[in-house]
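Just add 122 to wherever you are in the sequence shown, counting from 1, and you've got this note's numbering.
All residues carry an ideal CB built from backbone N, CA and C; glycine is no exception.
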Amino acid sequence: MTAVVAAPSAGPQQKRAKRRWTGFVAALAAWRRPSRRLLDEPTTFLDLSHQFEVLDLCAELHEQGRTIVAVLHDLNHAGRYATDLIVMKDGRVNAQGAPAEVMTARLVEDVFAMPCRTIDDPETETPMVVPADRHRRRTARTAGVRA
123 MTAVVAAPSA
133 GPQQKRAKRR
143 WTGFVAALAA
153 WRRPSRRLLD
163 EPTTFLDLSH
173 QFEVLDLCAE
183 LHEQGRTIVA
193 VLHDLNHAGR
203 YATDLIVMKD
213 GRVNAQGAPA
223 EVMTARLVED
233 VFAMPCRTID
243 DPETETPMVV
253 PADRHRRRTA
263 RTAGVRA
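So, in structure tokens, the structure goes:
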């Protein structure tokens, strides 16, 4: 499989998306009055820079005393931004607590069936999940090479 990572071009669709994005950020910023927010996957369908913009804004609101509860599927975003994690599988809570206590390789393997290791994010010193390279291991086995 080949993956291409590139910034989107500034074509007509990109310009419309930018206008929608600007409106979304303005709405989220104006949304500061209530003390509690529930966000369901607020970073879905956003490019990387906009994901961090939304999460930074959530962190800023939290620092101002607001309660933010967000459903996130990106474990590294959750580890970086959350002060408390609730990890669920099949509708049941598997773990709850501070990211440094909860986000372990064993938990990720149990909940997501994903072999991995956890390390400290070099930027924030928060837990970061590094998935095992299953493709290379599989390729090495089929070639008769030890992984």
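{"Check": "In this structure, what does DSSP give as the bridge partners for Gln277?", "Outcome": "The question about residue 277 has no answer here: the residues shown for the chain are numbered 123 through 269."}
{"Check": "Rounded to a whole number of angstroms, what is the C-alpha to C-alpha distance between Phe234 and His195?", "Outcome": "11 Å"}
{"Check": "How should Ala204 be labelled, buried or exposed, when 16 other C-beta atoms within 10 angstroms of its C-beta is the threshold for buried?", "Outcome": "buried"}
{"Check": "Give the straight-line distance between the Cα atoms of Leu207 and Ala220, rounded to the nearest whole angstrom.", "Outcome": "6 Å"}
{"Check": "Apart from the five residues just before and just after Gly187, which ones in its own chain have a Cβ nearer than 8 Å to its Cβ?", "Outcome": "Ser157"}
{"Check": "When you compare only the Cα positions, how much space is there between Thr274 and Thr248?", "Outcome": "Since the first residue of the chain shown is 123 and the last is 269, residue 274 is not available in this structure."}
{"Check": "Give me, in chain order, the residues of the same chain whose beta-carbon lies closer than 8 Å to that of His199; leave out the 5 immediate sequence neighbours on both sides.", "Outcome": "Thr165, Gln173 and Leu177"}
{"Check": "Assign Asn194 to one of three DSSP states: helix, strand, or coil.", "Outcome": "Reading the sequence as shown, one finds Leu at residue 194 and not Asn. Three-state result, Leu194: coil."}
{"Check": "Looking at the unbroken beta strand (DSSP E) that takes in Leu160, where does it start and where does it end?", "Outcome": "Arg158 to Asp162"}
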